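See below for the structure under consideration.
This is the structure:
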């Protein structure tokens, strides 16, 4: 049954427009709009098992379509409905860095579900990418509404750390490849200026890729963001010392970073924050590079090119730095930074070859949760695969069922063996890829559990 429910009044008009609370007697697909203007979608099977899954979708750029989503894909949706789960989610009222709308819209979607179908026995928050960030915000700041949460390839390093980490490779590229270009890398007046700056720096990077020295410098920039050397399934997988292939793969990811996140998406976030929330004043790029898992690659490529890495790092040290706007940092801190304080269990999963949100984001959140005393409630698991959020449906369902097992028994079993067994059971056709893995440290963590760290 397909029902469209339009909620056209403001504030809490849901009670006047929604159907009476009742258990679904037939499979129900429900679509509508919240007072904020956000769309929502709900699927409830005829034999609902009492668990509702509130799904938070990933980043949707300004101007892009923004439909409501309630699962990461149709295969997962079909399996979950067959198992009796209710699936809900909203579009968020706006695109972009929409945490100010996403969190209340997701809660309002949960309210609308409860009014229509009654209270759930168990409520879980889950989401991918930017939606993993929204999920963790819901888990930390609205713990009373949820029993547990699942973050998948989430931006769990938080907003300040994300935009700082995005700034670092761009600063290195401009300094080393276009020192006199005047390309702006933060504090954009409008979207047109940001897009033009991204195109200008991309052209410099494209030219640099044609020379050994340029390739070495691109690898250095990639190392500051921890961009892996195998980050897309379409790429050739490099061997342990195949620096040429690894750098070529990183170059493709660097171009993607410049084309959208580092410029266009940054400008949209700056417009919300009221200025630039990023800085690199006081940053020691030499130490950051040494801590990077890509350090060996960079040193070898510099050696092959006959360039002095010491000279280039000194150039980064001397280059004028970027200062943040204090009010923009405060806005980002208040809206988009995690505390690490969990009340209920959270499982976080991440692909090891993620270039968009590098796997080290998980280290940043583990650091915050440990400082906040929540480490026992947090488990993190890793899928050995290139790409962003490239989980199979079986790997996704295995993570969800592992979280449920923790809620049912009070014990975690998030080992690779247990997860792979569940994944194989859910999706026999796909080989599961959970592995034992521990990411290196995040380059510049920033969270509410360490208020004295990383000040601009």
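Residue numbers (my numbering): -8 to 447.
The C-beta atom is built at its ideal place from N, Cα and C for all residues, glycine as well.
Every value quoted in this text rests on a predicted model; they were computed, and no experiment measured them.
key: Sheet register partners of residue 373 (DSSP bridge)   = Locating residue 373 in the chain shown gives position 382, where the first residue counts as 1. DSSP output for residue 373 lists 341, 426 as bridge partner(s).
key: Neighbourhood of residue 205 by C-beta, 6 Å cutoff - its chain only, sequence neighbours within 5 removed   = Within the chain shown, the letter at position 214 stands for residue 205. Cβ within range, chain order: 199.
task = Evaluate residue 339 with the Cβ neighbour count: other Cβ atoms within 10 Å of its Cβ, from every protein chain shown; 16 or more gives buried, anything less gives exposed.
result = Stepping through the chain shown from its first residue, residue 339 is reached at position 348. By the neighbour-count rule (16 or more Cβ atoms within 10 Å), residue 339 is buried.
task = Give me the Cα-Cα distance between residue 158 and residue 165, rounded to the nearest whole angstrom.
result = As a working mapping, residue 158 is identified with position 167 in the chain shown. As a working mapping, residue 165 is identified with position 174 in the chain shown. For residue 158 and residue 165, the distance between alpha carbons rounds to 11 Å.
request  = Can you tell me the Cβ-Cβ gap for residue 438 and residue 134, rounded? I've got them flagged as a contact below 8 Å.
outcome  = Indexing the chain shown from 1 puts residue 438 at position 447. Indexing the chain shown from 1 puts residue 134 at position 143. About 17 Å; that fails the 8 Å criterion.
task = Return helix, strand or coil for residue 118, following the three-state DSSP convention.
result = Position 127 of the chain shown, counting from 1, holds the residue named residue 118. Here residue 118 sits in strand by DSSP.
inquiry  = Buried or exposed for residue 0, going by 16 or more other Cβ atoms inside 10 Å?
reply    = Translated into the one-based positions of the chain shown, residue 0 becomes position 9. Below a pLDDT of 50, predicted positions are generally treated as unreliable, and residue 0, at 30, falls in that range; no measurement from the model is reported.
query = Whose CA, out of 181, 145, 429, 303, lies closest to the CA of residue 337?
reply = Translated into positions along the chain shown, residue 337 becomes position 346. For the residues 181, 145, 429, 303, the minimum Cα distance to residue 337 belongs to 145.
Three-way DSSP call (helix, strand, coil) for residue 30 in this model = Stepping through the chain shown from its first residue, residue 30 is reached at position 39. DSSP places residue 30 in strand when its eight states are reduced to three.
query = Residue range of the beta strand (DSSP E) that residue 43 falls in?
reply = Residue mapping note: residue 43 aligns to position 52 of the chain shown, counting from 1. Counting along the chain, the beta strand (DSSP E) containing residue 43 begins and ends at 42 to 47.
key: Secondary structure, beta strand (DSSP E): runs of 3+ residues fully inside the segment 211 to 269   = none
ask   = DSSP on residue 78, reduced to helix/strand/coil?
value = Taking the chain shown and counting its residues from 1, the one referred to as residue 78 is at position 87. Residue state, collapsed to three classes: strand.
query = Is there contact between the segment 350 to 365 and the segment 399 to 408, where contact requires at least three CB pairs shorter than 8 Å?
reply = no
message = With H, G and I counted as helix, E and B as strand and the rest as coil, what does DSSP make of residue 295?
response = As a working note, residue 295 is residue 304 in the chain shown. In this structure, residue 295 counts as helix in the three-state DSSP scheme.
key: Assigned secondary structure, residue 206 (DSSP; H/G/I helix, E/B strand, else coil)   = One-based indexing of the chain shown puts residue 206 at position 215. If DSSP states are grouped into helix, strand and coil, residue 206 belongs with the helices.
task = Assign residue 71 to one of three DSSP states: helix, strand, or coil.
result = For the purposes of this step, residue 71 is identified with residue 80 of the chain shown, where counting begins at 1. Residue 71: helix per DSSP, three-state reduction.
message = Going by beta-carbon coordinates alone, are residue 313 and residue 270 separated by less than 8 Å?
response = Looking up residue 313 in the chain shown gives position 322. Looking up residue 270 in the chain shown gives position 279. The answer is yes: Cβ separation under 8 Å.
ask   = Between residue 292 and the rest of its own chain, which residues show a CB-CB distance below 7 Å, the 5 nearest in sequence each way excluded?
value = Against the chain shown, residue 292 aligns to sequence position 301. Contacts found: 206, 207, 210, 234, 238.
ask   = With respect to the alpha helix (DSSP H) encompassing residue 449, which residues constitute its N-terminal and C-terminal limits?
value = Since the first and last residues shown for the chain are -8 and 447, residue 449 lies out of range.
query = When the distance is taken between beta carbons, is residue 272 closer than 8 Å to residue 447?
reply = As a working mapping, residue 447 is identified with position 456 in the chain shown. As a working mapping, residue 272 is identified with position 281 in the chain shown. Taking 8 Å as the Cβ cut-off, residue 447 and residue 272 qualify as a contacting pair.
ask   = If we ignore side chains and look at the alpha-carbon of each, how far apart do residue 32 and residue 59 end up?
value = On the chain shown, residue 32 is found 41 positions in, with the first residue counted as 1. On the chain shown, residue 59 is found 68 positions in, with the first residue counted as 1. Computed Cα separation, rounded: 6 Å.
task = Determine the DSSP secondary structure at residue 283, reduced to helix, strand or coil.
result = Residue 283 sits at position 292 when you count from the first residue of the chain shown. Residue state, collapsed to three classes: coil.
query = Would you report the Cα separation of residue 370 and residue 131, rounded to the nearest angstrom?
reply = Here residue 370 is taken as the residue at index 379 of the chain shown, counted from 1. Here residue 131 is taken as the residue at index 140 of the chain shown, counted from 1. Distance between the alpha carbons of residue 370 and residue 131: 15 Å.
message = Let me see if you follow: with CB-CB separation under 8 Å, is residue 106 close to chain E or not?
response = Of the protein chains in the structure, only one exists, and it is not chain E.
Residue 25 - DSSP class collapsed to helix/strand/coil = Residue mapping note: residue 25 aligns to position 34 of the chain shown, counting from 1. Reduced to three states, the DSSP call for residue 25 is coil.
Whole-angstrom distance between residue 123 and residue 25, CA atom to CA atom = On the chain shown, residue 25 is found 34 positions in, with the first residue counted as 1. On the chain shown, residue 123 is found 132 positions in, with the first residue counted as 1. Near 22 Å, if we compare the C-alpha coordinates of residue 123 and residue 25.
inquiry  = Since residue 212 and residue 160 should fall inside the 8 Å C-beta cutoff, what is the C-beta to C-beta distance between them, to a whole number of angstroms?
reply    = Along the chain shown, read from residue 1 onward, the residue named residue 212 stands at position 221. Along the chain shown, read from residue 1 onward, the residue named residue 160 stands at position 169. The Cβ separation is near 4 Å, so the contact holds.
task = Out of 295, 428, 241, state which residue places its alpha-carbon closest to the alpha-carbon of residue 197.
result = As a first step, residue 197 is located in the chain shown; it is residue number 206 there, counting from the start. Comparing Cα positions, the closest option is 241.
request  = Starting from the N-terminal side, write out each stretch of the alpha helix (DSSP H) that is 4 residues or longer and does not extend beyond the segment 137 to 184.
outcome  = 150 to 168
query = When burial is assigned at 16 or more other CB atoms within 10 Å of the CB, is residue 275 buried or exposed?
reply = For the purposes of this step, residue 275 is identified with residue 284 of the chain shown, where counting begins at 1. Flag for residue 275 reads exposed.
inquiry  = Cutting at 6 Å between CB atoms, please list the residues of its own chain near residue 424, excluding the five before and the five after it.
reply    = As a first step, residue 424 is located in the chain shown; it is residue number 433 there, counting from the start. Within the same chain, residue 424 has close Cβ partners 374, 375, 376.
Of the listed residues 29, 394, 416, nearest to residue 384 (C-alpha basis) = Residue 384 sits at position 393 when you count from the first residue of the chain shown. Looking at the Cα atoms, 416 is the closest of the given residues.
task = Classify residue 20 as helix, strand or coil using the three-state DSSP reduction.
result = Stepping through the chain shown from its first residue, residue 20 is reached at position 29. Here residue 20 sits in strand by DSSP.
ask   = Shortest alpha-carbon distance to residue 117 belongs to which of 171, 62, 170, 332?
value = Sequence index remark: in the chain shown, residue 117 carries index 126 (1-based). Out of 171, 62, 170, 332, 62 has the C-alpha closest to the C-alpha of residue 117.
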